[in-house]
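Let me begin by presenting the structure, written as structure tokens, before commenting on it.
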Amino acid sequence: MEYLNTLCNGSLSSRVLVVGAGGIGCELVKNLVLTGVCNIDLIDLDTIDVSNLNRQFLFQRKHVGKSKAEVAKQSALKFNPRANITARHASVFDSEYNVDFFSQFSLVMNALDNRTARNHVNRMCLAANIPLIESGTEGYLGQITVIIKGKSECYECLPKATQKTFPGCTIRNTPSEPIHCIVWAKHLFAQLFGEYDADQEVAPDAHDPELQVTDPECNTTSANGIEPSAPPARVSTRDWVGSIGYDGTQLFNKLFSEDIKYLLSMDRLWQKRRSPVPLSWEDLRDLPSNSDTPQSTQGLEEQRVWSIKECGDVFVTCVSKLKQLMEKDGDLVWDKDDPAALDFVTATANIRSHIFAIQQKSRFDVKSMAGNIIPAIASTNAIVAGLIVMEALKVLQGETDRCRATFLLRKPSCKKLFSSLSLPVPNPNCYVCSSQPEATIKVNANSFLLKTLEEKVLKERFSMIAPDVEIDDGKGTILISSEEGETEENMAWPLAHFNIGNNDRLKCDDFMQNFQLVLIILHTEEGDMDPASFEVVGDVPKPEPEPSNNSTMEIVTVNQIGKQKRRRADSEGGEGEVCELDSKRAKVSVVSDGSEDECIAY
1 MEYLNTLCNG SLSSRVLVVG AGGIGCELVK NLVLTGVCNI DLIDLDTIDV
51 SNLNRQFLFQ RKHVGKSKAE VAKQSALKFN PRANITARHA SVFDSEYNVD
101 FFSQFSLVMN ALDNRTARNH VNRMCLAANI PLIESGTEGY LGQITVIIKG
151 KSECYECLPK ATQKTFPGCT IRNTPSEPIH CIVWAKHLFA QLFGEYDADQ
201 EVAPDAHDPE LQVTDPECNT TSANGIEPSA PPARVSTRDW VGSIGYDGTQ
251 LFNKLFSEDI KYLLSMDRLW QKRRSPVPLS WEDLRDLPSN SDTPQSTQGL
301 EEQRVWSIKE CGDVFVTCVS KLKQLMEKDG DLVWDKDDPA ALDFVTATAN
351 IRSHIFAIQQ KSRFDVKSMA GNIIPAIAST NAIVAGLIVM EALKVLQGET
401 DRCRATFLLR KPSCKKLFSS LSLPVPNPNC YVCSSQPEAT IKVNANSFLL
451 KTLEEKVLKE RFSMIAPDVE IDDGKGTILI SSEEGETEEN MAWPLAHFNI
501 GNNDRLKCDD FMQNFQLVLI ILHTEEGDMD PASFEVVGDV PKPEPEPSNN
551 STMEIVTVNQ IGKQKRRRAD SEGGEGEVCE LDSKRAKVSV VSDGSEDECI
601 AY
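Going by the UniProt record's numbering, the sequence shown opens with residue 1, and the numbers climb by one from there.
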């Protein structure tokens with residue numbers, strides 16, 4: 001305790017803000033109070049769920065349903081009773097957490113799980129000129145970086161990839177990746193046990209665009225001279241399975257044999273791709289059991305790939321279990337932490353993958369992909385939280401020149417688990433931290449509504465909270481006001497109604513974020529453009545055309561002595577991440593957004 005008192009009397013008595021009390025946040029608060037950082041504000045809107053308990057060690061079962069921030073405070077005080085922790089069960093977007101609020105702190109540390117909140121905190125710290133430490137984990141990978149206004153890249157200096165979406169016809173008719181089968185399995189879960197949604201129908205789609213004949217010499221006759229069978233009458237999956245009493249074997253034959261045979265009758269779908277192979281319940285007898293599949297016998301049970309015979313048994317068992325739950329509780333909602341729901345999706349997705357000759361996935365992998373998350377690992381969170389504190393000490397002691405971006409690798413490289421890199425310089429073209437932020441969007445000004453500009457462009461794409469917009473024409477014509485009721489009558493009109501056309505400029509201002517952006521309108525009438533669609537032109541280009549290689553979530557090896565090189569990783573459903581390497585030899589894992597509790601920040 002004497003050691004803690006000594007530290008608290010120095011620079012470590014500075015007031016700091018921790019945003020997020022999840023997996024990283026719990027470890028971080030504990031580390032801070034043990035290091036002697038005594039004055040901490042902790043903000044988190046979430047409450048504790050039972051699924052948090054396996055890795056967020058400040059919480060216990062008795063805390064389920066309570067505020068994460070409040071419980072984390074009480075638990076952390078047991079490590080250092082003299083710490084001064086202010087817990088805030090609130091949203092960081094609340095108006096009271098403005099620039100003045102952020103200006104109270106010597107340092108802000110993020111432990112967030114979504115891009116919108118990260119964008120907001122990034123802008124608040126830039127406006128308040130307060131250093132920000134970003135962090136995140138994704139499975140066994142992790143990284144941290146320090147954002148210092150004018151010295152290093154901010155969170156929005158480089159573009160982030162948008163989440164992948166898949167056409168419905170691909171999901172229903174022509175899957176080619178494991179994620180397609182997993183999405184189909186989740187849709188099936190909703191159709192059988194949840195609230196009906198016509199957009200999530202799993203039956204083969206006879207209206208697939210690929211089936212439309214554009215060549216007059218083509219016809220729809222199949223290769224064997226037989227006309228394809230007419231599509232089956234549209235009966236909801238829930239009604240059909242109810243009529244057979246949720247019989248698992250009949251449902252199996254319907255989904256994986258009869259529907260697949262109907263798909264095969266659509267010859268045009270299989271002219272340039274491999275045809276699926278129907279699988280009936282009787283066919284399972286001829287398939288190898290688990291003991292005959294070497295790939296399924298190695299590793300932890302969660303990471304073992306089930307045999308198709310196992311998947312069939314699990315499928316039938318889960319149909320019965322979930323039917324009973326539905327009768328008891330009503331419509332079910334798929335939850336990755338519900339064993340029966342996860343088993344159903346895993347088995348169903350793997351059976352469909354087998355039919356379409358797609359790689360099957362373990363229960364562990366399906367959980368991460370179906371939930372659009374990477375399962376959080378407590379040890380990774382602990383390591384990254386320790387790295388945050390090491391950088392925080394440098395900032396609090398005024399040694400920001402020593403700050404580094406650090407990556408936690410999946411496997412050791414040169415006997416090291418970390419790669420430490422110099423902080424990248426700000427992007428002069430960044431629409432957030434550059435001296436004159438500008439962005440250009442391509443729209444059809446004749447049909448693009450002002451309401452869409454506010455909701456989709458300013459709030460969703462550029463993460464503004466309450467934007468004010470005026471035309472940059474010297475007259476100060478106000479288009480959008482953050483004051484309620486002032487400009488609502490404008491919202492239903494297209495941009496052209498206000499004489500906004502090609503190369504016109506709009507001044508956009510978010511008072512809360514102290515963020516200004518000039519939006520340049522590029523008018524286009526190309527093709528049949530969706531009235532609500534837009535394109536951000538250039539989308540934050542890199543400062544210099546440095547040579548770069550694309551990678552996925554694999555480890556990238558760099559052998560470059562004394563030079564810096566950029567690497568981008570665009571992961572499925574995540575963000576493109578950039579790091580700069582200045583080590584003589586480095587092996588870097590780049591991480592993306594999309595994890596369960598902690599997503600990579602930078």
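The C-beta atom is built at its ideal place from N, Cα and C for all residues, glycine as well.
Original post:
Helix, strand or coil: which one does DSSP assign to residue 446?
Top reply: coil
Subject >> Proximity to residue 650 [Cα-Cα], best of 319, 473, 406, 113 >> reply: Residue 650 lies beyond the range of the chain shown here (1 to 602); nothing can be said about it.
Subject >> Cβ-based neighbour list, residue 523, same chain, cut-off 6 Å, excluding 5 preceding and 5 following >> reply: 445, 501, 502
Original post:
Relative to the alpha-carbon of residue 435, which residue among 455, 406, 149, 169 has its alpha-carbon at the smallest distance?
Top reply: 149
**OP:** Mark residue 122 as exposed unless 16 or more other C-beta atoms lie within 10 angstroms of its C-beta, in which case mark it buried.
**Re:** Around the Cβ of residue 122, a 10 Å sphere holds 16 or more other Cβ atoms; the residue is buried.
Original post:
Between residue 525 and the rest of its own chain, which residues show a CB-CB distance below 8 Å, the 5 nearest in sequence each way excluded?
Top reply: 444, 446
Original post:
Under a three-way DSSP split, which group does residue 469 fall into?
Top reply: Three-state DSSP puts residue 469 in a strand.
Subject >> Cut-off 7 Å between Cβ atoms - residues of its own chain near residue 238, not counting five sequence neighbours on either side >> reply: 191, 192, 196
Subject >> Cα-Cα separation between residue 14 and residue 108, rounded to whole angstroms >> reply: 11 Å
**OP:** Grab me the residues of residue 319's own chain with a C-beta within less than 7 Å of its C-beta, minus the 5 sequence neighbours each way, in chain order.
**Re:** 246, 248, 251
Subject >> residue 400 in three-state terms, based on DSSP >> reply: helix
Original post:
Taking buried to mean at least 16 other C-beta atoms within 10 Å of its own C-beta, is residue 366 buried or exposed?
Top reply: buried
Original post:
By Cβ distance below 6 Å, which residues in the same chain neighbour residue 451 in space, the five residues on each side in sequence not counted?
Top reply: Counting only Cβ-Cβ distances below 6 Å, and skipping sequence neighbours, we find 491.
Subject >> Alpha carbon of residue 349 to alpha carbon of residue 83, nearest angstrom >> reply: Those two C-alpha atoms are separated by around 50 Å.
**OP:** Per DSSP, which residues does residue 146 bridge with? Please list them.
**Re:** 133
Original post:
Looking at the structure shown, is residue 329 part of a helix, part of a strand, or coil, going by DSSP?
Top reply: helix
Original post:
Do the stretch 478-489 and the stretch 130-139 touch if we need at least three Cβ pairs shorter than 8 Å?
Top reply: no
Original post:
When you compare only the Cα positions, how much space is there between residue 303 and residue 33?
Top reply: When rounded, the distance between both Cα atoms is 36 Å.
Subject >> contact_flag[the stretch 50-60, the stretch 90-100] where n(CB pairs < 8 Å) is 3 or more >> reply: No, the stretch 50-60 is not in contact with the stretch 90-100.
**OP:** Tell me whether the beta-carbon of residue 144 lies closer than 8 Å to the beta-carbon of residue 519.
**Re:** Cβ atoms of residue 144 and residue 519: not closer than 8 Å.
Original post:
Going straight from the alpha carbon of residue 279 to that of residue 347, what length do you get?
Top reply: Roughly 14 Å between the two C-alpha positions.
**OP:** Using alpha carbons as the reference points, say which of 287, 79, 333, 342 lies closest to residue 314.
**Re:** Among 287, 79, 333, 342, the Cα nearest to that of residue 314 belongs to 342.
**OP:** Would you tell me roughly how many angstroms separate the C-alpha atoms of residue 426 and residue 156, rounded to the nearest one?
**Re:** Their backbone Cα atoms lie some 10 Å apart in a straight line.
Subject >> residue 173 to residue 533 span [Cα, whole Å] >> reply: CA-CA distance, residue 173 to residue 533, rounds to 27 Å.
Original post:
For residue 258, which option in 281, 243, 409, 273 has the closest C-alpha, if you only look at C-alpha atoms?
Top reply: Ranked by Cα distance from residue 258, the options 281, 243, 409, 273 are led by 281.
**OP:** Determine the extent of the alpha helix (DSSP H) in which residue 55 is found, giving its start and end residues.
**Re:** From DSSP, residue 55 is part of no alpha helix (DSSP H); its letter is neither H nor E.
Subject >> Distance between residue 399 and residue 559 (C-alpha atoms, nearest Å) >> reply: At residue 559, the pLDDT of 32 sits below 50, so the modelled position is not reliable; the number obtained from the coordinates is stated separately. About 29 Å.
Subject >> Simplified DSSP assignment, three categories, for residue 178 >> reply: Residue 178: helix per DSSP, three-state reduction.
Subject >> Residue from 353, 355, 369, 316 with nearest C-alpha to residue 335 >> reply: By alpha-carbon distance to residue 335, the top candidate from 353, 355, 369, 316 is 369.
**OP:** Pick helix, strand or coil for residue 388, following the three-state DSSP scheme.
**Re:** helix
Subject >> residue 333, buried or exposed, once every other Cβ within 10 Å from all chains shown has been counted against 16 >> reply: exposed
Subject >> Among 322, 23, 358, 461, the one whose alpha carbon lies nearest that of residue 377 >> reply: 23
**OP:** Flag this pair as yes or no: are the beta carbons of residue 494 and residue 448 separated by less than 8 Å?
**Re:** yes
Original post:
Could you check where the alpha helix (DSSP H) with residue 355 kicks off and where it finishes?
Top reply: 339-355
Subject >> Exposure label - residue 27; buried when at least 16 CB within 10 Å >> reply: buried
Original post:
Taking the beta strand (DSSP E) that residue 369 falls in, what are its first and last residues?
Top reply: It is not in any beta strand (DSSP E) - residue 369 instead sits in the alpha helix (DSSP H) that spans 363-370.
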